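Quick note on numbering: the sequence shown equals residues -16 to 229 in this note's numbering.
We treat Cβ as the ideally placed atom computed from N, Cα and C, and that holds for glycine.
Note that the structure is a prediction, hence the values are computed from the model and not measured.
Take a look at the structure below.
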Amino acid sequence: MTETSPPEYEVSQLQRQLDAARAEIQEFTYAVSHDLRAPLRHINAFAQVLEEDWPDMPADAASHLATIRQSAQLLASQLDGLTQLSRLNLHPLNLQTVDVSALAQDVANEVAARYPQQTVQWQLATDVPPVTADSALLRQVLLQVLDNAVKFSRGRDPASVGLRWQWVDAQCCQITVRDHGVGFAPGQAQALFKAFGKLHPAREFAGLGLGLVSCRKIMQRFGGTIDLQAVADGGCCVTLQFDLKV
């Protein structure tokens, strides 16, 4: 039997502890999101009963009740989002060579269909090198990034969204998605990678604030990174970096 050297043993121990901690966090997140659904259903049910039993309630009471139901619906959506987020690390990776240019074009078509009233000038590179990734998860990342680019370009006519790439070194490909939307202050970028991190109220731009958190978790599983940069003349630049040695 081969003995494990002390440094290798320590690394192995740390990896097991890290895996256990991740599993515990996932279990906790799933349990919390699952267990909160029962009282949430009760809130919705009794709010509906109150509405039906008191048809002539004063206007201010009706407004308060509507706020209760809207808040309950928001919480339900947040719990769904947390559940999906907790399952990302459980998704078995099907690593394969992915044609990023073809995938980006397909995703852009889907995004365009979501915003039929928005004119978008797409400038998508057609020669992006293939990367090693899970195609379904990479599609999820591109869908989130391109959807954000169009969503936050509302009011720009036409909106402009570009996808470019460059080599960082011989084994590292960097893909950037640039828009000219509302943008954000340079110091706000990292806040967008926190759960429920949003810079705009829901009445202006819909969303829970979980999309970029999910993208970062997915890119980490590929051995890659995702970063945001505010652009001086407005808009946002999203950078995806892939290690082609993976």
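| query | CB-CB under 6 Å to Ser69, same chain, minus the five flanking residues each way: which ones, in chain order? | reply | Gln9, Thr12 and Tyr13
| task | Assuming Thr102 and Asp140 form a contact by the criterion Cβ under 8 Å, report the distance between their Cβ atoms to the nearest whole angstrom. | result | 6 Å
| request: Quick one: give me the first and last residue of the beta strand (DSSP E) that Gln157 is part of. | output: Cys155 to Asp162
| With a Cβ-Cβ cutoff of 9 Å, do Leu121 and Leu71 count as a contact? | no
| Same chain, Cβ closer than 7 Å to Val114, five either side skipped, listed in chain order | Val81, Val83, Cys156, Phe225 and Leu227
| message | Using a 10 Å radius around the Cβ and a threshold of 16 neighbouring Cβ atoms, would you call Met(-16) buried or exposed? | response | Note that Met(-16) scores a pLDDT of 46, beneath 50, so its modelled location is shaky; the value from the coordinates is reported in the next line. Exposed, because fewer than 16 other Cβ atoms sit within 10 Å of the Cβ of Met(-16).
| Given Gln88 as reference, the closest of Thr208, Val144, Glu7 and His47 once Cα atoms are compared | Val144
| Alpha carbon to alpha carbon, how far is Leu48 from Gln56? | 13 Å
| field | Start-to-end residues for the alpha helix (DSSP H) that takes in Arg20 | value | Arg20 to Asp36
| message | Can you tell me which residues form a DSSP beta bridge with Phe225? | response | Cys156
| field | For Ser220: DSSP bridge partner residues | value | Note that residue 220 is Cys in the sequence shown, not Ser. For Cys220, which the question treats as bridged, DSSP gives the partners Arg161 and Gln212.
| Per the contact definition of three or more C-beta pairs closer than 8 Å, is the segment 193 to 200 in contact with the segment 162 to 180? | yes
| message | Using a 10 Å radius around the Cβ and a threshold of 16 neighbouring Cβ atoms, would you call Gln203 buried or exposed? | response | exposed
| Euclidean distance between Cα positions of Val94 and Gly190 | 15 Å
| query | How many angstroms separate the CA atom of Lys134 from the CA atom of Gln(-4)? | reply | 45 Å
| query | Is Cys219 near Gly166, with beta carbons less than 9 Å apart? | reply | yes
| Where Gln104 falls, given that 16 or more other Cβ within 10 Å makes a residue buried | exposed
| field | Which of helix, strand or coil DSSP assigns to Gly64 | value | helix
| request: Going by CA-CA distance only, name the one from Gln154, Ala21 and Arg137 that's closest to Pro99. | output: Arg137
| query | Where does Val196 sit, in a helix, a strand or coil, going by DSSP? | reply | helix
| To the nearest angstrom, how far is it from the Cα of Thr208 to the Cα of Ile158? | 10 Å
| said: Once the 5 residues before and after Leu223 are set aside, which same chain residues still bring their CB inside 8 Å of it? | reply: Val124, Val128, Gln157, Ile158, Thr159, Val160, Met202, Gly207, Thr208 and Ile209
| query | Would you say Leu23 and Leu62 are within 9 Å of each other, going by their C-beta atoms? | reply | yes
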